[in-house]
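> Take this structure, written in structure tokens, and hold onto it; I'll ask about it next.
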Ligand code: ADP
Ligand code: MG
Ligand code: ZN
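Residue numbers (our numbering): 116 to 817.
What follows is the structure, given as structure tokens:
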């Protein structure tokens with residue numbers, strides 16, 4: 116039925132089908148019914164008004180809370196070939212004047228404004244007389260006191276809209292779906308239940324997990340180390356923590372930015388720009404950062420401290436993976452942070468029911484951290500979904516994936532503590548475990564303990580971290596004040612007795628890429644160069660998802676390129692040629708290097724074998740890889756032995772076998788290989804015997 120919208124979706128935005136909710140909302144608007152649209156962050160709310168804006172006669176007005184984001188939205192529209200603009204207080208007067216004129220002449224399909232602008236009498240005067248067909252209210256939860264970003268100016272919108280003579284249809288959009296907020300929006304805009312379109316809130320590409328009490332600095336550095344090339348946001352509860360964390364990351368050489376309300380407007384804008392443009396890859400921020408931020412390639416969102424409620428949490432976590440690629444949302448929990456949040460609530464001078472509500476919401480966050488069920492399902496239930504399915508890939512759904520059995524290591528540590536008499540702190544215990552030569556250890560006679568050096572392949576720091584982890588898992592408790600000593604808890608005894616297992620989370624890399632990573636990276640660079648020239652954010656040119664799709668599909672013709680996800684007519688026209696060029700030359704290089712591979716065959720075959728051998732492969736593996744018999748590979752290796760190349764003798768025979776061959780060969784003298792073979796146990800092969808003789812010659816010669 117909705118042919119035109121679908122056609123526009125492809126033509127302007129390059130997508131083949133609507134996401135859940137989009138079509139229903141668009142249909143409603145085309146039938147002139149005021150609508151509330153509730154979709155998760157990243158669900159694709161913008162298209163719900165952008166496509167109608169193209170279909171309607173008049174102008175669409177978009178009300179959005181943040182000045183800083185309008186430019187991006189409008190930039191993005193220009194890249195799709197859609198006439199649009201924004202009007203806000205950041206513009207010089209002359210510019211505003213010009214845009215107002217153009218707006219009056221109906222030159223824009225979309226005009227973005229803040230709710231504050233509606234308080235401007237002359238602006239309102241113009242609007243009233245214009246042909247406004249649609250008013251879209253983004254982040255509509257700002258209307259509700261029960262939402263998390265209440266903005267009184269949002270309450271002025273509805274009365275203003277009613278003054279516009281062309282009687283525009285209204286669309287209110289939000290990602291906050293608690294029943295109370297929904298009710299507020301509906302009743303305020305006089306919209307009925309049947310004109311509320313709410314999609315499921317699940318985000319299938321998000322991987323939720325919770326890290327409890329472990330040493331968070333170690334966790335963070337290991338995590339960031341593993342995901343160096345990705346963009347991510349780290350949320351902290353206070354400005355102070357943001358500053359500290361930021362400083363530490365920058366010192367350790369990370370490309371980080373920061374954002375909180377204590378910084379000047381100018382600084383904040385700058386930091387935000389740098390992040391959007393991929394100049395910085397990690398943003399450390401308070402929850403002041405990010406409303407409406409639609410940088411689509413955020414690969415992880417880490418909450419360094421527990422957020423104060425689920426609305427904030429899901430909104431912030433939801434900033435990961437808007438492009439639909441797998442992304443992680445990690446919450447670092449510690450009981451101390453819970454107290455920090457509680458303190459902040461107490462300081463916020465809320466009273467009565469509002470205060471109770473905040474405390475309740477914080478407790479729900481705590482429950483989230485301790486639930487053993489699906490994390491995504493927990494969130495969905497909170498937002499009112501009655502029977503959400505398990506996501507199948509959050510930490511709780513896939514425990515094996517991210518947990519390793521650490522029972523044996525835990526037993527080693529616990530028994531060491533017992534043997535040391537439960538009288539020492541974590542430093543000394545770590546040193547005993549790792550076999551430190553510290554004098555104190557001698558003095559106490561700990562070298563004689565069976566647990567001395569039992570973890571000698573660990574560093575003392577690793578052992579200490581592991582002790583912290585066991586402490587947070589309540590297997591060890593700290594007794595005493597300033598210099599606490601480690602004691603075993605009853606649960607710890609169960610572990611020692613083998614009655615209880617210990618699991619520890621392992622970090623993993625975010626993506627298992629099944630496409631060409633080097634091409635993806637070079638397309639990213641290309642995108643960045645172009646963005647720099649055009650002074651816009653890279654993801655506005657093409658999303659990561661689009662670049663990934665290019666790396667998978669390797670389009671070399673115009674028609675193929677148009678099939679790439681996220682490539683519409685306008686973008687194709689603007690960037691198709693450059694990107695096609697890059698992909699073509701990549702494909703050529705690839706086939707070039709295949710040729711080089713063939714040329715390598717002029718290299719003697721035994722040396723090709725040796726190359727693989729040097730990479731640690733054994734004869735079977737090499738035979739398989741080169742599609743040759745094992746015997747040929749063995750011959751190749753013999754030739755290498757003749758040339759005195761390095762050989763891993765211990766893979767060919769044991770010390771005993773070698774001695775036996777050596778002895779027998781000496782006894783038999785020069786009677787030939789066959790005789791020698793017959794004199795030896797049957798399981799020894801010709802290859803082993805030949806090799807042993809080679810080794811013998813080599814060592815005799817030396
Ligand atoms: P929201 O405002 O709901 O958080 P956006 O409107 O910013 O989400 O859209 C998030 C991302 O999803 C954008 O990169 C957008 O281009 C993409 N998107 C929107 N609709 C579709 C669709 N039908 N198919 C594929 N991607 C889409
Ligand atoms: Mg949005
Ligand atoms: Zn799950």
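We treat Cβ as the ideally placed atom computed from N, Cα and C, and that holds for glycine.
This one's a predicted model, so the numbers in the text were calculated from it and none came from an experiment.
Could you tell me which whole alpha helix (DSSP H) segments of length 4 or greater appear in the region 273-356?
Fully enclosed alpha helix (DSSP H) runs of 4 or longer: 294-304 and 331-341.
> Rank 317, 237 and 249 by C-alpha distance to the C-alpha of residue 154 and give the top, closest one.
When each option's Cα is compared against that of residue 154, the closest is 317.
> Return the CA-CA distance between residue 283 and residue 638, expressed in angstroms with no decimal places.
For residue 283 and residue 638, the distance between alpha carbons rounds to 42 Å.
> In terms of residue numbering, what span does the beta strand (DSSP E) encompassing residue 414 cover?
413-418 is the extent of the beta strand (DSSP E) around residue 414.
> Which of helix, strand or coil does DSSP assign to residue 625?
For residue 625, the predicted model reports a pLDDT of 45, less than 50, meaning its position is unreliable and no value from the coordinates is stated.
> In the region 423-457, which residue ranges form an unbroken beta strand (DSSP E) of at least 3 residues, counting only runs that do not cross its ends?
Complete beta strand (DSSP E) runs here, min 3: 442-448.
> For residue 804, which three-state DSSP category applies?
Note: residue 804 maps to helix in three-state DSSP.
> What separation, rounded to the nearest whole angstrom, lies between the Cα atoms of residue 465 and residue 656?
Between residue 465 and residue 656, the C-alpha separation is close to 44 Å.
> So, under 8 Å CB-CB, residue 792 and residue 801 are touching, yes? Tell me the CB distance rounded to an integer number of Å.
Right, their Cβ atoms sit about 6 Å apart.
> With respect to the alpha helix (DSSP H) encompassing residue 669, which residues constitute its N-terminal and C-terminal limits?
Taken as a continuous stretch (DSSP letters only), residue 669 belongs to no alpha helix (DSSP H), as it is neither H nor E.
> In whole angstroms, what is the alpha-carbon distance linking residue 275 and residue 250?
C-alpha separation (whole angstroms): 11 Å.
> Throw me the rounded Cβ distance for the residue 238 and residue 347 pair, which I believe falls under 8 Å.
Not really, about 39 Å apart at Cβ, beyond 8 Å.
> Which runs of the alpha helix (DSSP H) fall wholly inside the region 544-610 and span at least 4 residues, in chain order?
As far as the region 544-610 is concerned, its whole alpha helix (DSSP H) runs of at least 4 residues are 554-558 and 575-587.
> Measure from the alpha carbon of residue 344 to the alpha carbon of each residue in 454, 572, 395 and 220, then state which is nearest.
Answer by Cα proximity: 395.
> Count the other CB atoms within 10 Å of the CB of residue 321; is the residue buried (16 or more) or exposed (fewer)?
When all chains shown are included, residue 321 counts as buried.
> Beta-carbon within less than 8 Å of residue 544's beta-carbon, same chain only, minus the 5 sequence neighbours each way: which residues are those?
Once the five neighbours on either side are set aside, the close Cβ partners of residue 544 are 528, 531, 532, 535, 578, 582 and 601.
> Could you tell me whether any non-hydrogen atom of the ligand GTP is closer than 6 Å to the CB of residue 381?
The ligand GTP is absent from the structure shown, which contains only the ligand ADP, the ligand MG and the ligand ZN.
> What would DSSP say about residue 181, mapped onto helix, strand or coil?
Residue state, collapsed to three classes: coil.
> Can residue 505 be considered in contact with the ligand ZN, in the sense that its beta carbon sits closer than 6 Å to one or more heavy atoms?
For the ligand ZN, at least one heavy atom lies less than 6 Å from the Cβ of residue 505.
> Taking a contact to mean a Cβ-Cβ separation below 7 Å, would you say residue 224 touches residue 198 in this structure?
Going by C-beta atoms, residue 224 is nearer than 7 Å to residue 198.
> Run through DSSP, which three-state label would residue 795 get?
DSSP places residue 795 in coil when its eight states are reduced to three.
> Under DSSP, the alpha helix (DSSP H) around residue 240 begins and ends at which residues?
236-244 is the extent of the alpha helix (DSSP H) around residue 240.
> Put residue 134 into one of helix, strand or coil per three-state DSSP.
Three-state result, residue 134: coil.
> With DSSP collapsed to three states, give me the class of residue 372.
Residue state, collapsed to three classes: strand.
> Provide the residue span of the alpha helix (DSSP H) that contains residue 783, from first to last.
Per DSSP, residue 783 belongs to the alpha helix (DSSP H) from 770-783.
> For residue 398, write down the residues that DSSP places opposite it in a beta bridge.
Its beta-bridge partners are 348 and 372.
> When the Cβ atoms of the region 655-674 are set against those of the region 688-708, are three or more pairs found closer than 8 Å?
The answer is yes - the region 688-708 touches the region 655-674, with three or more Cβ pairs under 8 Å.
> In the region 509-536, which residue ranges form an unbroken alpha helix (DSSP H) of at least 4 residues, counting only runs that do not cross its ends?
514-517 and 522-534, all fully within the region 509-536.
> Measuring straight from C-alpha to C-alpha, what distance separates residue 651 and residue 419?
Approximately 30 Å, taken between the alpha carbons.
> From the beta carbon of residue 134, is the nearest beta carbon of chain B less than 7 Å away?
This model lacks chain B altogether; it includes just one protein chain.
> Which residues share a DSSP beta bridge with residue 199?
Residue 199 pairs with 225.
> Hey, how far is the Cα of residue 554 from the Cα of residue 560?
Each residue's Cα considered, the two are about 10 Å apart.
> Could you give the distance in angstroms between the alpha-carbon of residue 806 and the alpha-carbon of residue 725?
Using only the alpha carbons, I get a separation of about 15 Å.
> With DSSP collapsed to three states, give me the class of residue 700.
Looking at residue 700 - three-state DSSP - the assignment turns out to be helix.
> Leaving out five residues on either side along the sequence, give the residues of the same chain with a beta carbon under 7 Å from the beta carbon of residue 142.
Closer than 7 Å at the Cβ level, and outside the excluded window around residue 142, lie 117.
> Give the DSSP bridge partners of residue 250, in chain order.
DSSP, once it has assigned bridges, lists 176 and 285 as partnering residue 250.
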